[in-house]
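Single-structure report; data block below.
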Amino acid sequence: MSTDTAIEARHVVKAFGQGDGAVRALDDVSVEIRKGEFFTLLGPSGCGKTTLLRLIAGFEMPTDGTILLDGADITYLPPNQRPVNTVFQSYALFPHLTVAQNIAFGLQMLGKPAAEVKARTEKMIALVQLDAMAGRKTSQLSGGQQQRVALARALAPQPKVLLLDEPLSALDYKLRKEMQIELKRLQLETGITFVFVTHDQEEALTMSDRVGVMSSGKLQQVGSPREIYTAPRNRFVASFIGETNFLPATVVPGGVRLGCGAMVEMSGLAGSGPTTLTIRPEQVRLADAAEPGAIAAQVSNLVYFGTDTHCYLSLADGAEVIARLQSPSNGEVGLQKGQSVALRFVPGAAQVLAD
Amino acid sequence: MADRNFSASHLPGFTQIALLVFALLYLPIAVLVVYSFNAGTTSGLWEGFSFRWYGTAWQNDAVQSATLRSLGIAVSASIIATFCATLAALGTTRRKSFRGQTFIYVMINQPLMVPEIVTAVALLIFFASIKVATGYQGLGYLIAAHSAFCIPFAYLPIRARLEGMDLSLETAAADLYATPWMTFRRVTLPLLAPGIIAGAMLAFVISLDDVVITEFVKSGGQDTLPTYMMGQLRRVMTPEVNAISSVLLALTVLLLTAFFLLTRKND
Amino acid sequence: MSAAEDSRDKASVRSAWLLSAPAIFVLTFAACGPLLIMLVYSFLTKGQYGNVEGVFSLEGWRSILYSEDIFDPGVFVWADAHLTIFWRSVKLSILTTLLTLLIGFPTAWFIATRPPKSRPLWLFLITIPFWTNLLIRTVAIFEVIRNEGVINTVLLWSGLITVPFQITYTDTAVFIGMAYVFLPLMVLPLFAAIDRFDMRLIEAAYDLYASRFAVLRRVILPIVRPGVIAGSILVFVPSLGAVVTPRILGGGKNMMIGNFIELQFGQGRNWPLGAALSMTLLVIVTVALLVYVRAANRETSHG
């Protein structure tokens, strides 16, 4: 472990229940989260991402494994002794306290002098632009304002790591967009490590420095948004993030051969035998039948999406490929259902999946 | 510090106190029931298992008449109270708030707020004059008094049921050509039935339990089961009291279990 | 508002009153009305053999606090016996409220934090004593604490004591008995408040470095306060008006206000004093309930 690691989870297992009925919410998860980065845990509901967050916060203790903060073992430290704060999904604001009292709560619990508490609270209120609301009860605030209070409250004690548990899921679309930008700004301004949990791939891709994709209690892949999107390691990651085509293929020398008999040239493939090829719809282009690498297909359906038109193409073996074509200004892509065409993959865009 | 089972809602010692409270709550009741099976004459000394005191109580004329009187009063009072409470609940729920609404609420819930002894002596004063004026000494006074203090207990579950009811069902009935009376009889009343039954059962239990008001309202020779027991306690206490208590207890538990199942199934 | 709507509203109000009329009639006849008659009685002269004579007098109210010196007519002294009874009633009621709160809060907390499947059962176990005859429960606690009762039998048998430990017919017995019979009245409203409490707030407080004690004092208690107030009033009010429990466990000597009132209508034969005492008790209880209603309203207006 390097000195720029904020949080490290080592072989963490969390089982709920006992005996045969036990469910492994986390199954041998190891991950390093770097200092000052915006790290996102992405996955469908029930994948274990929130459990991992709760283990880092200290609300639950792992069944097995270790959790380190700045190199120190915090696995069994209660949450009130961890320099880690959480922004809860439902905000969990104290209903009997005002905005300012909510924000000051953590500082008071740490026993900071009153003057410092006051100054820091005021600074946090300004940071989240709630100056006019400081004296109000939190129930009088809108969803977006409550969200800001939750953020300010968690940031006020200057935690080493800020944990965010799907904080934007209760907001409507427009507010969510605003808060995404706001969150990113706060992270850059404070320099605090953010660990963000979401099931929304768009949120994950646009905000994060790195993303950890989770499924069934396991960490499937960790990487930058670009890596996760362009080079998914397995079928789950490829299908969970963005839309993609899966085509059965066989590894042969110099590339893979598709079910329809067409050859896709790829380099650096190990092994041989059956595999799955994945290609994003926007990386599929229409081509001349004479072009090298062109694959014959038939248009089976066209769906207009405004900026794009999705073109469903059937290959000779019946496999289907979706191509996302940019809609021309008049909206007509100039194709007909049943028309015979040829397609090709943008060189280097196709990936062979591990499983 | 290696607390491996951190749980936010856990507060140290609370579980132990709670379990102790439950034990202390039930221990005296258990002792009471156990001693009702005592073969001996005093309730303190255990002299072997026997149904003797149940037999004694069963054959005791005073107990028999007190039991019948208690049941008669409880049945009459719960019917009157439930009738009044059902109408009042229909009158006070699901409509715009109006002037005098608070007055009706306070009126209905008044027996819950006024100490029993205060109502008891007020009734003594009032009924004493009526008794002198009319010469009537019957059970009517007890039934009237019991009906009054049972009304809020009958009212609460009926009102809760009404408030939880879907108004659109009645609108749907009206839409299907039902007259208001038909809607009430065929839709509202059947839906309300569990609340009415629950209310009647609570009223019955409350009437059966009353001591203080009954003591002050009753004329001579009108003992109910609780006032009979109260009288026995002033003398030498025999396990007969335990036996009567155990039967009353069993009846209460039975009715409450029915109430519990009735309200739960329909939630 | 249109004329049609207006007349529909009027019809609605009329039917509300009509439907409530039977309940109002019964309650006026056998509950509220007699209270007014009693108020009148408190200002009359006491009769020789109970009841009253129709002569206006403030004697009933005055004798609550003062009594006339037997040897020196016209000289009034504090009615020490009365004051002792009032003081005992208030003291025991406050102690009962405090004890039930102290043990009732953990109990309510325990029930509210059970898994959803077993929670109704625990709640049911609290409800049974709540609905069980107060007389039966008083007899039950009497059986346990009396000289020949379970506690003394066990203690005597074990040799820890040689003479039965006298609990019954003391203030302590009345206190224990009232705490026993009124405990469910504390637990149920506390449970209702704790059940509504969002347990995630505790996680939030721990996350913000609160100690267990701070979580209890700064977060849980302020939020469940309406339940604490409700439970305290619900225990305090019937404690103050208790009759059966002090009668059985206090044994005639350790009277509370309720017993003192009933005495005036029995051997005391002083109906005006009894009526005045009843009105006093009613006023105290009403004030307590108003405090509760105001506190409850304040909480709901805060959301």
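Residue numbers (the numbering used here), protein chains in the order written: chain G, 2 to 356; chain S, 467 to 733; chain Z, -17 to 285. Here a beta-carbon is modelled for each residue, glycine too, at the ideal position from N, C-alpha and C. Just so it is clear, the structure is predicted and the values come from calculations on it, not from any experiment.
As assigned by DSSP and simplified to three states, the class of residue i
{"i": "LYS28 (chain Z)", "result": "strand"}
{"i": "GLY339 (chain G)", "result": "coil"}
{"i": "GLY42 (chain Z)", "result": "helix"}
{"i": "ASN331 (chain G)", "result": "coil"}
{"i": "MET215 (chain G)", "result": "strand"}
{"i": "THR41 (chain G)", "result": "strand"}
{"i": "ALA505 (chain S)", "result": "coil"}
{"i": "HIS284 (chain Z)", "result": "Only weak support exists for where HIS284 (chain Z) lies, its pLDDT of 48 falling under 50; the value from the coordinates is given anyway. Correct three-state label for HIS284 (chain Z): coil."}
{"i": "ALA(-7) (chain Z)", "result": "helix"}
{"i": "ASP733 (chain S)", "result": "Residue placement at ASP733 (chain S) cannot be trusted, given a pLDDT of 46 that sits under 50; the coordinates are not used to answer."}
{"i": "LEU278 (chain G)", "result": "strand"}
{"i": "MET264 (chain G)", "result": "strand"}
{"i": "PHE306 (chain G)", "result": "coil"}
{"i": "THR649 (chain S)", "result": "helix"}
{"i": "LEU94 (chain G)", "result": "coil"}
{"i": "GLN382 (chain G)", "result": "Outside the modelled stretch of chain G, which goes from 2 to 356, sits residue 382 (chain G), for which no answer is possible."}
{"i": "PRO581 (chain S)", "result": "coil"}
{"i": "GLY561 (chain S)", "result": "The question names Gly, but residue 561 (chain S) is Arg in the sequence shown. Here ARG561 (chain S) sits in coil by DSSP."}
{"i": "GLU35 (chain Z)", "result": "strand"}
{"i": "PHE179 (chain Z)", "result": "coil"}
For residue i, the residue or residues it bridges with in DSSP
{"i": "THR194 (chain G)", "result": "G:VAL162"}
{"i": "GLN222 (chain G)", "result": "G:VAL214"}
{"i": "ASP74 (chain G)", "result": "G:LEU69"}
{"i": "THR87 (chain G)", "result": "G:LEU164"}
Exposure label - residue i; buried when at least 16 CB within 10 Å
{"i": "THR718 (chain S)", "result": "buried"}
{"i": "ALA468 (chain S)", "result": "Since pLDDT at ALA468 (chain S) reaches only 43, below the 50 mark, its modelled position is unreliable, and the value read off the structure follows with that caveat. Flag for ALA468 (chain S) reads exposed."}
{"i": "ASP132 (chain G)", "result": "exposed"}
{"i": "ILE176 (chain Z)", "result": "buried"}
{"i": "VAL273 (chain Z)", "result": "exposed"}
{"i": "MET648 (chain S)", "result": "exposed"}
{"i": "THR268 (chain Z)", "result": "exposed"}
{"i": "GLN148 (chain G)", "result": "buried"}
{"i": "PRO293 (chain G)", "result": "exposed"}
{"i": "PRO815 (chain S)", "result": "Nothing about residue 815 (chain S) can be reported from this structure: the residues present for chain S run from 467 to 733 only."}
{"i": "TYR23 (chain Z)", "result": "buried"}
{"i": "GLU513 (chain S)", "result": "exposed"}
{"i": "HIS12 (chain G)", "result": "exposed"}
Segment limits, beta strand (DSSP E) that includes residue i
{"i": "ASP65 (chain G)", "result": "65 to 70"}
{"i": "CYS357 (chain G)", "result": "Lying outside 2 to 356, the shown extent of chain G, residue 357 (chain G) is not represented and no answer is given."}
{"i": "GLY256 (chain G)", "result": "256 to 259"}
{"i": "TYR48 (chain Z)", "result": "48 to 50"}
{"i": "TRP512 (chain S)", "result": "Careful: TRP512 (chain S) lies outside any beta strand (DSSP E) and carries neither H nor E."}
{"i": "LYS15 (chain G)", "result": "6 to 17"}
{"i": "ASP28 (chain G)", "result": "24 to 35"}
{"i": "ASN246 (chain G)", "result": "246 to 253"}
{"i": "LEU287 (chain G)", "result": "285 to 288"}
{"i": "VAL57 (chain Z)", "result": "Per DSSP, VAL57 (chain Z) belongs to no beta strand (DSSP E) and is neither H nor E."}
Residue i: first and last residue of the uninterrupted alpha helix (DSSP H) it sits in
{"i": "SER673 (chain S)", "result": "655 to 675"}
{"i": "LEU197 (chain Z)", "result": "The sequence given here has Val at residue 197 (chain Z), not Leu. Neither: VAL197 (chain Z) is in no alpha helix (DSSP H) and is coded neither H nor E."}
{"i": "PRO228 (chain Z)", "result": "226 to 232"}
{"i": "LEU222 (chain Z)", "result": "203 to 222"}
Does the structure place the region 37 to 47 of chain G close enough to the region 188 to 196 of chain G that three or more beta carbon pairs sit under 8 Å? yes
Would you call the region 176 to 193 of chain Z and the region 52 to 61 of chain Z in contact, with 3 or more CB pairs under 8 Å? no
Can we say the region 206 to 220 of chain G touches the region 244 to 251 of chain G, given the rule of at least three CB pairs closer than 8 Å? Taking 8 Å as the limit for Cβ pairs, the verdict is that the region 244 to 251 of chain G does not touch the region 206 to 220 of chain G.
Say whether the region 578 to 592 of chain S touches the region 645 to 656 of chain S, bearing in mind that this needs 3 or more beta-carbon pairs closer than 8 Å, one atom from each stretch. no
Counting pairs of Cβ atoms below 8 Å between the region 144 to 158 of chain G and the region 86 to 94 of chain G, do you hit three or more? When Cβ pairs closer than 8 Å are counted between the two stretches, the region 144 to 158 of chain G is seen to touch the region 86 to 94 of chain G, the count reaching three or more.
Decide yes or no for the touch test of the region 98 to 111 of chain Z against the region 233 to 249 of chain Z: beta carbon pairs closer than 8 Å, at least 3 of them. no
For the pair the region 181 to 192 of chain G and the region 105 to 114 of chain G, tell me if three or more CB-CB distances fall below 8 Å. In short, these stretches do not touch, since the Cβ pair count stays below three.
Given 8 Å as the limit, is there contact between the region 23 to 31 of chain G and the region 83 to 92 of chain G, that is, 3 or more CB pairs closer than that? Contact annotation: the region 23 to 31 of chain G does not touch the region 83 to 92 of chain G, with fewer than three C-beta pairs closer than 8 Å.
Does the pairing of the region 313 to 321 of chain G with the region 273 to 281 of chain G give three or more beta-carbon distances under 8 Å? no
Does the region 168 to 179 of chain G touch the region 200 to 208 of chain Z, meaning 3 or more C-beta pairs lie closer than 8 Å? no
Does the region 534 to 545 of chain S come into contact with the region 659 to 673 of chain S, if we say contact requires no fewer than three beta-carbon pairs (one atom in each stretch) closer than 8 Å? Yes, the region 534 to 545 of chain S touches the region 659 to 673 of chain S.
At least three beta-carbon pairs within less than 8 Å, the region 502 to 518 of chain S to the region 705 to 724 of chain S: The region 502 to 518 of chain S makes contact with the region 705 to 724 of chain S; the number of CB pairs closer than 8 Å reaches 3 or more.
Whether or not the region 75 to 91 of chain Z and the region 328 to 348 of chain G are in contact is what I'm after, with contact meaning three or more pairs of Cβ atoms, one per stretch, closer than 8 Å; do they touch? no
Three or more C-beta pairs under 8 Å: does that hold for the region 157 to 174 of chain Z against the region 216 to 230 of chain Z? yes
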